[in-house]
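Top to bottom, those sequences are chains A and B.
Letter by letter, the first sequence follows residues 0 to 374 in numbering that gives the first Met the number 0.
Letter by letter, the second sequence follows residues 0 to 253 in numbering that gives the first Met the number 0.
Here is the structure we will look at.
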Amino acid sequence: MFVDLFHFNYTLGVVMSGAFILGISSGLLSSFAVLRQQSLLGDVISHAAFPGITLAFLWMMAKDPLGLFLGAIISGWLGTLFVHAIVRYTSLTHDAAFGIVLSVFFGLGIVLLSYIQQTPSSEKAGLNSFLFGSASTILFQDLITMGVFCLIIIIFIILFWKEFKLLAFDPNFMNSLGFPVVKLDILLTMLLVMAIVLGLQMVGVVLMSAMMIAPAAAARQWTSHLGFTVLLSGFFGLLAGVIGTLFSNYIPHLSTGPMIVVVVSLFVIVSLLFAPHRGLIWNWIQTYYYRSNIRANSMLMNMLLFSETQTDPYHCHQLSALSAIGRGPALRAMHELKRQQFVRNPEGDLWGFTKRGYQKAQRLQATLFKDDHGY
Amino acid sequence: MKDLLDDECSVIVQDLTVAYKEKPVLWDIDLKIPKGVLLAIVGPNGAGKTTLLRSIMGLIKPAAGNVSIFGQSIKKQKNTIGYMPQRGSVDWDFPTDALDVVMMGRYGHLGWFRRPTKADKKLALDALDRVGMLDFSDRQLNQLSGGQQQRVFLARALVQDADLYFMDEPFVGVDAVTEQAIIGLLKELRNQSKTVVVVHHDLQTLSDYFDWVSLLNVRQIAYGPVKDVLTNENLRTTYGGRRAFLMANQPFVD
Ligand SMILES: Nc1ncnc2c1ncn2[C@@H]1O[C@H](COP(=O)(O)OP(=O)(O)OP(=O)(O)O)[C@@H](O)[C@H]1O
Ligand SMILES: [Mg+2]
Numbered sequence: 000m001f002v003d004l005f006h007f008n009y010t011l012g013v014v015m016s017g018a019f020i021l022g023i024s025s026g027l028l029s030s031f032a033v034l035r036q037q038s039l040l041g042d043v044i045s046h047a048a049f050p051g052i053t054l055a056f057l058w059m060m061a062k063d064p065l066g067l068f069l070g071a072i073i074s075g076w077l078g079t080l081f082v083h084a085i086v087r088y089t090s091l092t093h094d095a096a097f098g099i100v101l102s103v104f105f106g107l108g109i110v111l112l113s114y115i116q117q118t119p120s121s122e123k124a125g126l127n128s129f130l131f132g133s134a135s136t137i138l139f140q141d142l143i144t145m146g147v148f149c150l151i152i153i154i155f156i157i158l159f160w161k162e163f164k165l166l167a168f169d170p171n172f173m174n175s176l177g178f179p180v181v182k183l184d185i186l187l188t189m190l191l192v193m194a195i196v197l198g199l200q201m202v203g204v205v206l207m208s209a210m211m212i213a214p215a216a217a218a219r220q221w222t223s224h225l226g227f228t229v230l231l232s233g234f235f236g237l238l239a240g241v242i243g244t245l246f247s248n249y250i251p252h253l254s255t256g257p258m259i260v261v262v263v264s265l266f267v268i269v270s271l272l273f274a275p276h277r278g279l280i281w282n283w284i285q286t287y288y289y290r291s292n293i294r295a296n297s298m299l300m301n302m303l304l305f306s307e308t309q310t311d312p313y314h315c316h317q318l319s320a321l322s323a324i325g326r327g328p329a330l331r332a333m334h335e336l337k338r339q340q341f342v343r344n345p346e347g348d349l350w351g352f353t354k355r356g357y358q359k360a361q362r363l364q365a366t367l368f369k370d371d372h373g374y
Numbered sequence: 000m001k002d003l004l005d006d007e008c009s010v011i012v013q014d015l016t017v018a019y020k021e022k023p024v025l026w027d028i029d030l031k032i033p034k035g036v037l038l039a040i041v042g043p044n045g046a047g048k049t050t051l052l053r054s055i056m057g058l059i060k061p062a063a064g065n066v067s068i069f070g071q072s073i074k075k076q077k078n079t080i081g082y083m084p085q086r087g088s089v090d091w092d093f094p095t096d097a098l099d100v101v102m103m104g105r106y107g108h109l110g111w112f113r114r115p116t117k118a119d120k121k122l123a124l125d126a127l128d129r130v131g132m133l134d135f136s137d138r139q140l141n142q143l144s145g146g147q148q149q150r151v152f153l154a155r156a157l158v159q160d161a162d163l164y165f166m167d168e169p170f171v172g173v174d175a176v177t178e179q180a181i182i183g184l185l186k187e188l189r190n191q192s193k194t195v196v197v198v199h200h201d202l203q204t205l206s207d208y209f210d211w212v213s214l215l216n217v218r219q220i221a222y223g224p225v226k227d228v229l230t231n232e233n234l235r236t237t238y239g240g241r242r243a244f245l246m247a248n249q250p251f252v253d
């Protein structure tokens, strides 16, 4: 089975490498897009890139990968410029500008595509794959172009790490330090455009936006450190690429691009549910744990209060006298405390401190309300 | 008010007019800020206080007028100014910790591509210590309270090691103890003959905290040492009908 799984033929190797490159670059860039609250911009760029692809094809009448990439990059970039211009010079807001640019550019692309379908070119068939993505049309020369773009992306992220971090967190402050924020914004958006364009052939215009959100959304759940977020996001991207390719290769009639998107979406769901600290299920468990802990502590404090009225701190009291939080939860808390040997329960409803419990309660009293606010 | 010589000033603003689209939000402002004072900029919401700070720092292009800082254009003086923006201007769910944010105050000195060094880290930790946040240095941003976020921003400004500070509402959302601590730090900076310009809202504390004040409402209503400027007449002009509204349920004799 394993031998079979990794017995790559040439085509699978090419597709796999393509998915790998696409996953890594969209993963890395998606984390910046999501942190800068620009996740929707990815959707606009991928749709806006489409007419560039068709125009480049009309120009060359051939499917030269570099030419198509450049066409896509230019028109994707034009799309973001239009968004900026609309927001700046009209009273429309960002979401309206996104909607307009996306539909106008995409519409133009579709019109051009249907025009191309009527021309006698022999290579036109491949263009459809840019809509919904098709891995089988990836060639070795596509890989080289993708690889070069991916390398550029990685080098720039490493080089401008500190600058991109500040740009994402506080561009205002960065401006006051004298950094050219607008130019850096252009650079980062340019890299974003590259990452998107690079994935269009495999994943397609329609689904590419998922690749610009999902890896980062999943990664952010697991870590609160920018470096790890970006790395993990890149890793989720490439993992989704590889797993998606394998699935679609071994299960017939599943195309690669959509499969990659399904896998990365699964990562998001799992991360939303299970990630420590931020995941839903983790939160439920934590809340339950803290709540029962707080109940137990408050029982100990109550008992300490009572014991101060007695000469013997280990004197036993009835639970009803001790409890202020309702009988059911109180009883559960007491049994938990008994299990930890903090309290004893010599008979029926009578409860008192053990030596350990008395010490613990005194420690609690000393630390519980110590303030935690600096000054 | 005696006239200030130009080289006694850290900031000189002449005939500054700023507009967003066609609406002017600052009109013909003249301002000479002496070195080594604690200056408050006071005015109602929307008066243009933030806009004034940002245009002095060169973050907004004015429609008219000019600004000089220590006798030079702002471009040449970026590393002598420190800035503490309004707290609400960033996303506090950003994945990083308090120390990392404070370290950003060093980026201007570092310049392009260079990463912060051990020395920068030490400066950042010292600054966190000064604002009483040393124990929180590795705390995630989203686990800080509002007042703690405010202090992280203050530490980031301190670590810029500037001669001229601009702080936008540093006292908003902090408790009385923190407010005292912050004003203590600002006075300390002033005593090291640095200039500190603060957007402030509380008229009660104005004369305790500040040396100079600028009353602003699109135009500059009054400017000078606090005791000269803080008159009922001036406040009424600055706050207009709104101050009357605030005082409406007091017995009103005129
Ligand atoms: N980017 C912008 N575009 C258009 N108008 C703006 C912009 N920023 C501010 N304004 C307008 O300029 C005026 C001054 O704004 P500014 O933020 O300087 O006020 P402020 O005095 O700091 O108010 P606050 O006390 O609420 O912080 C306001 O009327 C505001 O609506
Ligand atoms: Mg303001």
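For every residue, glycine included, the Cβ atom is placed at its ideal position computed from N, Cα and C.
Worksheet entry | 8 Å CB neighbourhood of B/Arg-189 in its chain, flanking five on each side removed | Gly-35, Val-36, Leu-37, Val-195 and Asp-210
Worksheet item: How would you write the range of the beta strand (DSSP E) that B/Arg-189 sits in, first residue to last?
Response: Run containing B/Arg-189: none in the beta strand (DSSP E); it sits in the alpha helix (DSSP H), 175-190.
Fill in: Proximal residues of chain B, C-beta to C-beta of A/Lys-161 below 7 Å
Tyr-106 and Arg-114
Fill in: Contacts around A/Lys-164, its chain only, beta-carbon distance under 8 Å, and the 5 residues preceding and following it disregarded
Leu-225
Worksheet item: On the premise that A/Leu-199 lies in contact with A/Met-189, defined as a C-beta separation below 8 Å, what is that separation, rounded to the nearest angstrom?
Response: Contact flag wrong, Cβ pair sits at about 16 Å.
Discussion item. My assumption, with CB atoms under 8 Å, is that B/Ala-126 sits in contact with B/Leu-157. Please give the rounded CB distance.
Written reply: 4 Å
Discussion item. So if I threshold CB-CB distances at 7 Å, which residues from the stretch 222-247 of chain A count as touching chain B?
Written reply: Thr-222, Ser-223, His-224, Leu-225 and Thr-228
Discussion item. Let's see if you can read the secondary structure: which residues bound the beta strand (DSSP E) around B/Lys-120?
Written reply: Premise fails: B/Lys-120 lies in the alpha helix (DSSP H), 117-129, not in any beta strand (DSSP E).
Worksheet item: Under 7 Å between the Cβ atoms of B/Leu-215 and B/Asn-233?
Response: no
Worksheet entry | Local conformation of A/Met-302 per DSSP, three classes | helix
Practice prompt. Taking B/Ser-88 as the query, report the chain A residues whose CB atoms sit under 8 Å from its CB, ordered along the chain.
Written response: Asp-169 and Asn-171
Item to complete: Please compile the residues from chain A whose C-beta is within a distance smaller than 7 Å of the C-beta of B/Lys-77.
Response: Leu-176 and Gly-177
Worksheet item: Looking at the C-beta of A/Leu-165, does it have a partner C-beta in chain B at a distance below 7 Å?
Response: yes
Discussion item. For B/Tyr-106 and B/Asp-99, I'd like the C-alpha separation in whole angstroms.
Written reply: 11 Å
Worksheet entry | At least three beta-carbon pairs within less than 8 Å, the stretch 216-236 of chain B to the stretch 20-30 of chain B | yes
Item to complete: Starting from the C-beta of A/Ile-212, find all residues in its chain whose C-beta is less than 8 Å away, skip the five residues before and the five after it, and write them out in chain order.
Response: Ser-29, Ala-32, Val-33, Ser-38 and Gly-41
Worksheet entry | Closest residue to B/Pro-61 among B/Met-83, B/His-108 and B/Val-12 (Cα-Cα distance) | B/Val-12
Discussion item. Can you tell me which residues form a DSSP beta bridge with B/Met-299?
Written reply: The requested residue 299 of chain B does not occur in the structure, where chain B is confined to residues 0 to 253.
Item to complete: Measuring alpha carbon to alpha carbon, tell me which of B/Thr-95, B/Asp-160 and B/Gly-145 ends up nearest B/Thr-177.
Response: B/Gly-145
Discussion item. Let me check understanding here. Comparing Cα to Cα, which of A/Cys-315, A/Phe-178, A/Ile-20 and A/Pro-328 lies closest to B/Ser-111?
Written reply: Per the sequence shown, the amino acid found at residue 111 of chain B is Trp instead of Ser. Cα-wise, what sits closest to B/Trp-111 is A/Phe-178.
Discussion item. On the criterion of 16 or more Cβ atoms from any shown chain inside 10 Å, does B/Arg-155 qualify as buried, or is it exposed?
Written reply: buried
Discussion item. Can you check whether the C-beta of B/Leu-157 is within less than 7 Å of a C-beta belonging to chain A?
Written reply: no
Fill in: Three-way DSSP call (helix, strand, coil) for A/Cys-315 in this model
coil
Practice prompt. Out of A/Gln-361, A/Leu-197, A/Ile-99 and A/Leu-130, state which residue places its alpha-carbon closest to the alpha-carbon of A/Ile-20.
Written response: A/Leu-197
Item to complete: Report whether the distance from the Cβ of B/Val-24 to the nearest heavy atom of ligand 1 is below 6 Å.
Response: yes
Discussion item. Distance check for A/Lys-161 and A/Asp-237, CA to CA, integer angstroms please.
Written reply: Contrary to the premise, residue 237 of chain A reads as Leu rather than Asp in this sequence. If I take the Cα positions, the gap works out to 24 Å.
Discussion item. Which residues does DSSP list as the beta-bridge partners of B/Ile-11?
Written reply: B/Lys-31 and B/Ser-67
Worksheet item: For B/Glu-168, which option in B/Arg-150, B/Asp-160, B/Ala-97 and B/Gln-159 has the closest C-alpha, if you only look at C-alpha atoms?
Response: B/Arg-150
Worksheet entry | Cβ neighbours of A/Lys-354 in the same chain (closer than 6 Å, five flanking residues each side left out) | none
Item to complete: In the DSSP assignment, find the unbroken beta strand (DSSP E) run with B/Trp-329 in it and report its ends.
Response: Absent from the structure is residue 329 of chain B, since the part of chain B shown begins at 0 and ends at 253.
Fill in: Any heavy atom of ligand 2 within less than 7 Å of residue CB: hits in chain order
B/Lys-48, B/Thr-49, B/Gln-85, B/Asp-167, B/Glu-168 and B/Val-198
Fill in: Limits of the unbroken beta strand (DSSP E) element including A/Trp-350
349-352
Item to complete: Kindly list the residues whose CB is nearer than 7 Å to the CB of A/Leu-231, restricted to its own chain and excluding five residues on each side of it in sequence; keep chain order.
Response: Ala-218, Trp-221 and Thr-222
Worksheet item: Exposed or buried, A/Val-269, counting other C-beta atoms within 10 Å across all chains shown (16 or more means buried)?
Response: exposed
Discussion item. Looking at chain A, is there any beta carbon in it that lies within less than 7 Å of the beta carbon of B/Val-252?
Written reply: Note that B/Val-252 has pLDDT 35, beneath the 50 cutoff, so the model's placement of it is unreliable and the number below is only indicative. Not closer than 7 Å to any Cβ of chain A, the Cβ of B/Val-252 fails to qualify, so no.
Discussion item. Taking beta-carbon pairs under 7 Å, can you tell me which members of the stretch 161-184 of chain B lie near chain A?
Written reply: Val-176, Thr-177 and Ala-180
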